[in-house]
Amino acid sequence: MKTRFAASAFALIASSASGEALDRTIPDAVGRAAPALEAYSSNDLLGSVWTGEQLSMRDRSLVTFAALMTRHETGNLERFVELALDSGVTPAELSETVTHLAFYTGWGNATAAAEAMAPVYEARGIAADSLPGAEVNLLPLDEEAEESRESFVRGTYGDVSMGVVDNTRELLFRDLWLRPDLAPRDRSMVTVAALIAAGQPEQMTFHLNRAMDNGLTQEEAGAMLSHLAFYAGWPKVFSALPVAKDVFENRAE
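Under our numbering, the letters of the sequence shown match residues 8 to 260, in that order.
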């Protein structure tokens, strides 16, 4: 007999649709093959972690999608696309997340994520012409911050690969990061989630600071780390904790 921590609890924090979508993220096969895992999933992950007030279900679904995409867990993605949409992530925001993370997790991961998303979008009547295209009106560029970033990268790595330096400037920070259909806070949040899931904490300092500059609170960042322990694994999160600690302490000075 299943021990789903169920709809009455989810209703306190989300619509019945998102509660049901969350419940579906644990396949029935889990209970048949690993009953203890199902119990942890139902009682702790779904019943406690996902209901935590420090981070909204909408943000948790976006962070989880980013982690699963980064880990190339294509078999799970469709369920989390459903959950994200039912939790308030717009189709455009999810589309932009895939496009954004192509640059941070690789084209193969992004292509696989798009393939997992497409049937959900089709079933919901979400057409490609309603999603952000290549040509959009970009957000304003913070010239001073970009000049500082560009100067550091060019001075440090210009003699190693100007192609990387140039593409980082033109494609990422003067284009991708300025696309308007994913808010700067959310764009930063999914980037940090992807870095944690990929086990690349050495890249986190810049992006966690940028996320907090863009509106992610320390409480939300801490909740994201706790949440991702379940989807990326405790070792990757413990590798990220010292970086987060340094960022928080430096910002408090």
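All C-beta atoms, glycine included, are put in the ideal place defined by N, C-alpha and C.
Between the alpha carbons of residue i and residue j, how many angstroms are there, rounded?
| i | j | result |
| --- | --- | --- |
| D253 | R181 | 28 Å |
| Y164 | Y238 | 33 Å |
| P147 | L53 | 39 Å |
| P249 | V172 | 28 Å |
| A24 | D93 | 6 Å |
| F255 | D193 | 19 Å |
| G206 | A125 | 28 Å |
| T105 | A117 | Note on residue identity: the sequence assigns Val, not Thr, to residue 105. V105 and A117: Cα-Cα distance of roughly 6 Å. |
| N257 | V244 | 20 Å |
| V143 | A46 | 46 Å |
| G132 | G162 | 48 Å |
| G140 | A134 | 12 Å |
| P242 | L44 | 19 Å |
| R217 | S68 | 21 Å |
| T175 | A41 | 45 Å |
| D7 | R86 | For the chain, the structure presents residues 8 to 260; residue 7 sits outside this window and is missing. |
| M64 | R39 | 27 Å |
| G240 | S158 | 36 Å |
| E151 | L145 | 17 Å |
Using beta carbons (cut-off 8 Å, strictly below), is residue i in contact with chain C?
| i | result |
| --- | --- |
| A40 | You won't find chain C in this structure, because it holds only one protein chain. |
Does the distance between the C-beta of residue i and the nearest non-hydrogen atom of the ligand GDP fall short of 7 Å?
| i | result |
| --- | --- |
| L69 | By its list of ligands, the structure shown contains no ligand whatsoever, and the ligand GDP lies outside what it can speak to. |
Taking the Cβ atom as the reference point for each residue, do residue i and residue j lie within a distance shorter than 8 Å?
| i | j | result |
| --- | --- | --- |
| L183 | F72 | no |
| D51 | M196 | no |
| A74 | L235 | yes |
| E103 | D188 | yes |
| V127 | V70 | no |
| A28 | L90 | yes |
| L108 | T81 | no |
| E227 | L62 | yes |
| T58 | A201 | no |
| A120 | L84 | yes |
| L215 | V199 | yes |
| A247 | I203 | yes |
| A251 | L232 | yes |
| S48 | V37 | yes |
Inter-stretch contact (C-beta, 8 Å, three-pair minimum) for the segment 219–227 and the segment 95–104: no
Ranges of the alpha helix (DSSP H) found wholly within the segment 105–175, counting only runs of at least 4: 114–130, 150–164 and 169–174
Inter-stretch contact at 8 Å, needing at least 3 Cβ pairs: the segment 200–215 / the segment 26–33: no
Unbroken stretches of the alpha helix (DSSP H), 4 residues or longer, contained in the segment 26–65: 35–40 and 42–46
Any alpha helix (DSSP H) of 4 or more consecutive residues that is wholly inside the segment 180–241: 191–204, 211–220 and 225–239
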